[in-house]
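Below is one structure, written out as structure tokens; comments come after it.
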Amino acid sequence: MNIKNNILETIGNTPMIRLNKVAKDIPATVLAKVDYFNPGNSIKDRMALKMVEVAEQEGKLKPGGTIIEGTSGNTGMGLALAAVVKGYKCIFVTTDKQSKEKADILKAVGAEVIVCPTNVMPEDPRSYYSVAARLAKEVPNSYHMNQYDNLANRLAHYETTGPEIWEQTGGKITHLICTAGTGGTIVGTAQYLKEKNPDVQIWAIDVYGSLLTKYFRTGEIDMNEVHPYISEGFGEDFVPKNYDMSVIDHFEQVTDKDGAVMARKLAREEGLFCGYSAGSCLQGLMQLKGKLKKDDVVVCIFHDHGSRYVAKIYNDQWMIERGFLDVKTFKDVISSRG
Ligand code: PMP
0 MNIKNNILET
10 IGNTPMIRLN
20 KVAKDIPATV
30 LAKVDYFNPG
40 NSIKDRMALK
50 MVEVAEQEGK
60 LKPGGTIIEG
70 TSGNTGMGLA
80 LAAVVKGYKC
90 IFVTTDKQSK
100 EKADILKAVG
110 AEVIVCPTNV
120 MPEDPRSYYS
130 VAARLAKEVP
140 NSYHMNQYDN
150 LANRLAHYET
160 TGPEIWEQTG
170 GKITHLICTA
180 GTGGTIVGTA
190 QYLKEKNPDV
200 QIWAIDVYGS
210 LLTKYFRTGE
220 IDMNEVHPYI
230 SEGFGEDFVP
240 KNYDMSVIDH
250 FEQVTDKDGA
260 VMARKLAREE
270 GLFCGYSAGS
280 CLQGLMQLKG
290 KLKKDDVVVC
300 IFHDHGSRYV
310 AKIYNDQWMI
320 ERGFLDVKTF
330 KDVISSRG
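Position 231 of the sequence shown, counted from 1, bears residue number 230 in numbering that gives the first Met the number 0, the numbering being contiguous throughout.
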């Protein structure tokens, strides 16, 4: 018999898939680590499980306890799956920028979801960081996971994502391209890959409106860099503790429009129906393709599935309203369909 004892045992070991059409102008071999194959449809299942396991080992999460987290959805889904199997309750705090479907999905797996305003500073009492911290003090037998500063986040990628990529490429990987939010994915994966081969280049993809790129380049936390952006899941308005900038070689910023357009291209040309950040990741690679050579082996990490974005980047009207899709092109498409 070949049986998984519970859903958590299906986390990780996701496929590495060659990009063919979208990468045809790039001289290198371009591969995607497609992490929407995780049970919660995102890479965040890996770190959610690890954060729960570490909290249990450290006695911070006790039987019947409540998991509290500020999450845009994907971490919440991973935590909710772990909570269902292990018998914890979940309260998630999210922002009004995130897709409504993301909150509904979390409720479907038994979590309570509190929505906070997006455009307030992290230290504002209404921000989702502040609300999550306050709940952790007020709710009895609860633990605030804090994916930003909890180093179990990057540890999950050091222990799983990094080794899988190394093995799947037969140690031939030369470049890792990954969007950066909490930093857990890129830093943990990079720490492992650089240990195996210090020459592997690690390129972080950020969005305009996030302060991470300027911080990487200058060491300065410049709040003038921060402005609202539409892209979801990556970019930050502060520097989480999961960052170790010494394992990252380059930061590249992309626009909201370019990321969205590229995600749609990825779905239509490769059949990879991924989230917004996967489009941004690929767009970042396109901006950097001049640095690549024929023998390079490039791995892009695609964090989540497109189903969470059907009302957004995969909706033509939403794209047109933001100037991301040319109305003329759109009309041409409609008329060509008759
Ligand atoms: N893309 C998506 C869709 C995400 O949910 C996240 C996590 N916030 C990221 C990218 C960035 O990953 P990390 O937080 O590990 O830097």
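For glycine and all other residues, C-beta sits at the position ideal for the given N, C-alpha and C.
Rounded Cβ spacing between residue i and residue j (contact assumed at less than 8 Å)
i, j, result
"residue 141", "residue 135", "6 Å"
"residue 172", "residue 164", "6 Å"
"residue 305", "residue 274", "6 Å"
"residue 49", "residue 155", "4 Å"
"residue 296", "residue 242", "Not quite, the Cβ-Cβ distance comes to about 25 Å (not below 8 Å), so this is no contact."
"residue 83", "residue 108", "6 Å"
"residue 92", "residue 115", "6 Å"
"residue 253", "residue 30", "Not confirmed; about 20 Å, so no contact."
"residue 210", "residue 231", "With a Cβ gap of about 17 Å, residue 210 and residue 231 do not count as contacting."
"residue 88", "residue 117", "No, residue 88 and residue 117 are not in contact; Cβ-Cβ is about 26 Å, not under 8 Å."
"residue 150", "residue 240", "7 Å"
"residue 77", "residue 47", "3 Å"
"residue 293", "residue 27", "7 Å"
"residue 312", "residue 267", "Between residue 267 and residue 312 the Cβ distance is about 12 Å, and since that is not below 8 Å, they are no contact."
"residue 269", "residue 18", "6 Å"
"residue 90", "residue 113", "7 Å"
"residue 121", "residue 237", "6 Å"
"residue 66", "residue 0", "Not confirmed; about 32 Å, so no contact."
Residue i vs residue j beta-carbon contact at 8 Å
i, j, result
"residue 307", "residue 229", "no"
"residue 13", "residue 32", "yes"
"residue 7", "residue 80", "yes"
"residue 152", "residue 181", "yes"
"residue 25", "residue 291", "yes"
"residue 75", "residue 110", "yes"
"residue 301", "residue 324", "no"
"residue 248", "residue 202", "yes"
"residue 45", "residue 11", "yes"
"residue 146", "residue 68", "yes"
"residue 21", "residue 287", "no"
"residue 250", "residue 303", "no"
"residue 5", "residue 41", "no"
"residue 246", "residue 193", "yes"
"residue 200", "residue 226", "no"
"residue 319", "residue 309", "no"
"residue 233", "residue 276", "yes"
"residue 161", "residue 188", "yes"
"residue 289", "residue 258", "no"
Residues that residue i bridges to, as DSSP identifies them
i, result
"residue 41", "303"
"residue 68", "91"
"residue 141", "65"
"residue 17", "30"
"residue 113", "92"
"residue 178", "204"
Could you tell me which uninterrupted beta strand (DSSP E) segments, each at least 3 residues in length, are contained entirely in the region 200–229, listed from first to last along the chain?
-> 200–206
Quick one: which unbroken beta strand (DSSP E) runs of 3-plus residues sit fully inside the region 244–303? Chain order, please.
-> 249–253, 296–301
Length-filtered (4 minimum) alpha helix (DSSP H) runs lying within the region 139–176 | 151–155, 161–167
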